[in-house]
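> Below is one structure. I have some questions about it.
Chains as they are written, first to last, in my numbering: chain A, 1007 to 1119; chain B, 22 to 135.
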């Protein structure tokens, strides 16, 4: 079974600064997808960014980018120019042949003005 | 942008009662899911549904739970006899391909069992 580990329960960052959230996963599959979801206080699950395992190029979406290290099974999220609206719980998630998401335990991000 | 719609947003029920949580997935999506998040904990997979049948289910999804797609648009989760520990946020999600292009989540139903 696949597992996803987020070792940072809480992180904080100053507004306009950069922060990196860590995620590692364990799988024996070679073809899979990785995701970062944002959950604000409303508890809506919002897709931030996705990465296909067969692509070496790291995904980027505006201020959000990932550092995908397949051999190390690491998938970190970098948020540049942090904004107050980025404050939320961030979940790393894995999807493989079973076609469902396995989530990490989440990192609560606080943005300090 | 297409949305996954869940109703109700909040439901309070007495222990032992049956509840039905409703979801309208995105119309051209083929895979449907229910996830659960107990307050302060991670999001957990309950069940996936494809081609009008359950394709995967977790250990959480026991005989108290059932899912249905009664018509072409709705996707429901029924809990037959609720327990206090069923109190959680329940998320419906849908996907076109079953994962690769991402999953769209609804805004959730907060279920409180008293």
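Just so you know, even glycine gets a beta-carbon here, dropped at the ideal spot from N, CA and C.
Could you pull out every residue in the same chain whose Cβ sits closer than 6 Å to the Cβ of residue 1052 of chain A, ignoring the five residues on either side in sequence?
Closer than 6 Å at the Cβ level, and outside the excluded window around residue 1052 of chain A, lie 1044.
> Residues of chain B with CB closer than 9 Å to the CB of residue 1111 of chain A, please, in chain order.
Those within 9 Å of residue 1111 of chain A in chain B are 62, 63.
> Let me see if you follow: with CB-CB separation under 8 Å, is residue 1069 of chain A close to chain B or not?
Closer than 8 Å: no.
> Can you check whether the C-beta of residue 111 of chain B is within less than 8 Å of a C-beta belonging to chain A?
Not an interface residue.
> Across which residues does DSSP place residue 1094 of chain A in a beta bridge pair?
Beta-bridge pairing links residue 1094 of chain A to A:1115.
> Tell me, which residues are paired with residue 89 of chain B by DSSP?
In the DSSP output, where bridge partners are listed per residue, residue 89 of chain B has B:97.
> How about residue 25 of chain B and residue 114 of chain B: do their beta carbons lie closer than 8 Å?
Yes. Within cutoff.
> In angstroms, rounded to a whole number, what distance separates the CA positions of residue 27 of chain B and residue 133 of chain B?
Those two C-alpha atoms are separated by around 16 Å.
> Give me, in chain order, the residues of the same chain whose beta-carbon lies closer than 8 Å to that of residue 80 of chain B; leave out the 5 immediate sequence neighbours on both sides.
Closer than 8 Å at the Cβ level, and outside the excluded window around residue 80 of chain B, lies no residue.
> Could you have a look at residue 42 of chain B and say whether DSSP puts it in helix, strand or coil?
Of the three classes helix, strand and coil, the one that applies to residue 42 of chain B here is strand, per DSSP.
> Interface residues of chain B around residue 1050 of chain A at Cβ under 8 Å?
Residues of chain B passing the Cβ test: 126, 128, 129.
> Name the DSSP bridge partner or partners of residue 63 of chain B?
Paired residue(s): none; residue 63 of chain B is not in a bridge.
> Run down chain A in chain order and give the residues with a C-beta less than 9 Å from the C-beta of residue 30 of chain B.
Residues of chain A passing the Cβ test: none, with the nearest at roughly 10 Å.
> Can you grab the Cα-Cα spacing for the pair residue 1049 of chain A / residue 97 of chain B, in whole Å?
Rounded to whole angstroms, residue 1049 of chain A to residue 97 of chain B spans 20 Å at the Cα level.
> Under the rule that 16 or more other beta-carbon atoms within 10 Å means buried, what is residue 1025 of chain A, buried or exposed?
The residue is buried, with at least 16 neighbouring Cβ atoms inside 10 Å.
> Quick one: which chain C residues come within Cβ less than 7 Å of residue 82 of chain B?
You won't find chain C in this structure, because its protein chains are A and B.
> What is the DSSP secondary structure of residue 105 of chain B, counted as helix, strand or coil?
Three-state DSSP puts residue 105 of chain B in a helix.
> Going by other Cβ atoms of all chains shown within 10 Å of its Cβ, with 16 needed for buried, is residue 75 of chain B buried or exposed?
By the 10 Å Cβ count, residue 75 of chain B comes out exposed.
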